[in-house]
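From first to last, the protein sequence lines are chains A and B.
Each number in the numbering used here comes from the position in the first sequence (counting from 1) with 861 added on.
Each number in the numbering used here comes from the position in the second sequence (counting from 1) with 27 added on.
Using N, Cα and C, we set each Cβ at its ideal position, and we do this for glycine too.
Let me begin by presenting the structure, written as structure tokens, before commenting on it.
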Amino acid sequence: DPKQGNIMSFFKKA
Amino acid sequence: MLELRLVQGSLLKKVLESIKDLVNDANFDCSSTGFSLQAMDSSHVALVSLLLRSEGFEHYRCDRNLSMGMNLGNMSKMLKCAGNDDIITIKADDGGDTVTFMFESPTQDKIADFEMKLMDIDSEHLGIPDAEYHSIVRMPSSEFQRICKDLSTIGDTVVISVTKEGVKFSTAGDIGTANIVLRQNTTVDKPEDAIVIEMNEPVSLSFALRYMNSFTKATPLSDTVTISLSSELPVVVEYKVAEMGYIRYYLAPKIEE
Numbered sequence: 862d863p864k865q866g867n868i869m870s871f872f873k874k875a
Numbered sequence: 028m029l030e031l032r033l034v035q036g037s038l039l040k041k042v043l044e045s046i047k048d049l050v051n052d053a054n055f056d057c058s059s060t061g062f063s064l065q066a067m068d069s070s071h072v073a074l075v076s077l078l079l080r081s082e083g084f085e086h087y088r089c090d091r092n093l094s095m096g097m098n099l100g101n102m103s104k105m106l107k108c109a110g111n112d113d114i115i116t117i118k119a120d121d122g123g124d125t126v127t128f129m130f131e132s133p134t135q136d137k138i139a140d141f142e143m144k145l146m147d148i149d150s151e152h153l154g155i156p157d158a159e160y161h162s163i164v165r166m167p168s169s170e171f172q173r174i175c176k177d178l179s180t181i182g183d184t185v186v187i188s189v190t191k192e193g194v195k196f197s198t199a200g201d202i203g204t205a206n207i208v209l210r211q212n213t214t215v216d217k218p219e220d221a222i223v224i225e226m227n228e229p230v231s232l233s234f235a236l237r238y239m240n241s242f243t244k245a246t247p248l249s250d251t252v253t254i255s256l257s258s259e260l261p262v263v264v265e266y267k268v269a270e271m272g273y274i275r276y277y278l279a280p281k282i283e284e
């Protein structure tokens with residue numbers, strides 16, 4: 862099964 | 028001092044219903060631009076970004092930037108006490124630990140004040156880069172809600188694929204599989220009924236249906252929804268909030284290991 866990605870790996874802390 | 032008067036108070040009620048199941052606590056940020064919020068769900072899979080521009084309020088006073096931590100469940104309880112036709116005013120003092128929601132009936136014969144305790148929330152603000160999306164689909168929001176609801180009875184994951192044929196929503200589960208294909212259709216009586224598919228590059232991504240279903244709580248806010256997809260990025264599911272702003276949901280894709 863595909864693994865759920867994490868939003869913080871796409872968007873960095875401002 | 029902050030004082031925001033929203034004649035169409037039902038918009039704020041609907042906004043809360045659209046985010047309270049996804050996010051428990053969040054900071055509402057108030058600046059000269061508007062009333063905004065950015066928050067992730069507790070497992071950091073989805074992010075919601077809300078903007079209600081200052082021009083959309085009948086009266087907008089925000090003396091200095093203010094961040095107000097609120098429990099969205101409690102805020103929703105309070106806003107549910109406002110009538111759908113009520114005018115809602117949000118009031119707070121700089122440095123205060125409460126926010127007041129004032130509800131005025133359209134005939135001004137009932138005025139209610141609800142004061143809610145604020146909370147300190149240590150939230151991380153993420154930078155969302157501007158992106159060129161491979162494909163952008165605009166469709167009736169009720170159709171998107173129906174598709175997500177139907178597919179979640181079959182499977183847990185939706186694969187959204189955009190090709191020159193159209194946009195395909197697919198799922199698979201223990202009982203079988205389902206595929207729903209929508210083709211571009213702009214020959215409709217009402218523009219909000221159109222299906223518009225803008226494909227720069229074909230794209231196919233997998234997402235958790237549980238989150239997609241949660242996003243569709245925003246359906247009462249807008250007749251249309253826009254889904255922006257790129258193979259490198261979280262999907263953006265956007266609902267406009269009348270003429271004054273938007274709710275954007277970002278959802279990280281499921282990735283093959």
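State yes or no: is the beta carbon of residue i nearer than 8 Å to at least one beta carbon in chain A?
| i | result |
| --- | --- |
| residue 282 of chain B | yes |
| residue 151 of chain B | yes |
| residue 257 of chain B | no |
| residue 73 of chain B | yes |
| residue 202 of chain B | no |
| residue 154 of chain B | yes |
| residue 239 of chain B | no |
| residue 279 of chain B | yes |
| residue 49 of chain B | no |
| residue 3 of chain B | For chain B, the structure presents residues 28 to 284; residue 3 of chain B sits outside this window and is missing. |
| residue 77 of chain B | no |
| residue 64 of chain B | no |
| residue 178 of chain B | no |
| residue 260 of chain B | yes |
| residue 67 of chain B | yes |
Taking the continuous beta strand (DSSP E) assigned at residue i, which residues delimit it?
| i | result |
| --- | --- |
| residue 39 of chain B | Not the beta strand (DSSP E): residue 39 of chain B falls in the alpha helix (DSSP H), residues 37-46. |
| residue 165 of chain B | 162-167 |
| residue 193 of chain B | 193-200 |
| residue 868 of chain A | Taken as a continuous stretch (DSSP letters only), residue 868 of chain A belongs to no beta strand (DSSP E), as it is neither H nor E. |
| residue 53 of chain B | 52-57 |
| residue 226 of chain B | 223-226 |
What are the start and end residues of the alpha helix (DSSP H) that includes residue i?
| i | result |
| --- | --- |
| residue 238 of chain B | 236-242 |
| residue 64 of chain B | No alpha helix (DSSP H) contains residue 64 of chain B, which is instead part of the beta strand (DSSP E) from 61-67. |
| residue 101 of chain B | 99-106 |
Would you list the residues sitting across from residue i in a DSSP beta bridge?
| i | result |
| --- | --- |
| residue 205 of chain B | B:198 |
| residue 86 of chain B | B:32 |
| residue 253 of chain B | B:165 and B:265 |
| residue 260 of chain B | Answer is none; residue 260 of chain B lacks a bridge partner. |
| residue 118 of chain B | B:30 and B:127 |
| residue 233 of chain B | B:186 and B:281 |
| residue 78 of chain B | B:63 and B:273 |
| residue 140 of chain B | B:129 |
| residue 153 of chain B | A:874 |
| residue 93 of chain B | B:57 |
| residue 212 of chain B | B:222 |
| residue 73 of chain B | B:278 |
Using a cut-off of 9 Å between C-beta atoms, extract the partners of residue i located in chain E.
| i | result |
| --- | --- |
| residue 235 of chain B | Looking for chain E here will not work: the only protein chains present are A and B. |
Are the beta-carbon atoms of residue i and residue j separated by less than 8 Å?
| i | j | result |
| --- | --- | --- |
| residue 251 of chain B | residue 165 of chain B | yes |
| residue 37 of chain B | residue 111 of chain B | yes |
| residue 187 of chain B | residue 54 of chain B | no |
| residue 24 of chain B | residue 175 of chain B | There is no way to answer for residue 24 of chain B, as the model of chain B reaches only from 28 to 284. |
| residue 19 of chain B | residue 146 of chain B | No answer is possible for residue 19 of chain B: the residues shown for chain B start at 28 and end at 284. |
| residue 64 of chain B | residue 56 of chain B | yes |
| residue 245 of chain B | residue 70 of chain B | no |
| residue 276 of chain B | residue 268 of chain B | no |
| residue 30 of chain B | residue 116 of chain B | yes |
| residue 207 of chain B | residue 248 of chain B | no |
| residue 88 of chain B | residue 28 of chain B | yes |
Within the chosen definition, does the region 139-159 of chain B reach the region 178-193 of chain B through at least 3 CB pairs nearer than 8 Å?
no
Indicate whether the contact test is met: 3 or more Cβ pairs, each with one atom in the region 244-259 of chain B and one in the region 82-99 of chain B, closer than 8 Å.
no
Would the region 43-54 of chain B and the region 176-189 of chain B be scored as touching if the rule is three or more Cβ pairs under 8 Å?
no
At least three beta-carbon pairs within less than 8 Å, the region 121-134 of chain B to the region 97-109 of chain B:
yes
Pair every Cβ in the region 219-231 of chain B with every Cβ in the region 198-208 of chain B, then say whether three or more of these pairs are closer than 8 Å.
No: fewer than three Cβ pairs fall under 8 Å.
Below 8 Å, can you find three or more Cβ-Cβ pairs linking the region 91-101 of chain B to the region 269-283 of chain B?
The region 91-101 of chain B and the region 269-283 of chain B do not touch, with fewer than 3 CB-CB distances between them shorter than 8 Å.
Segment contact, 8 Å Cβ cut-off, at least three pairs: the region 233-241 of chain B with the region 210-218 of chain B:
no
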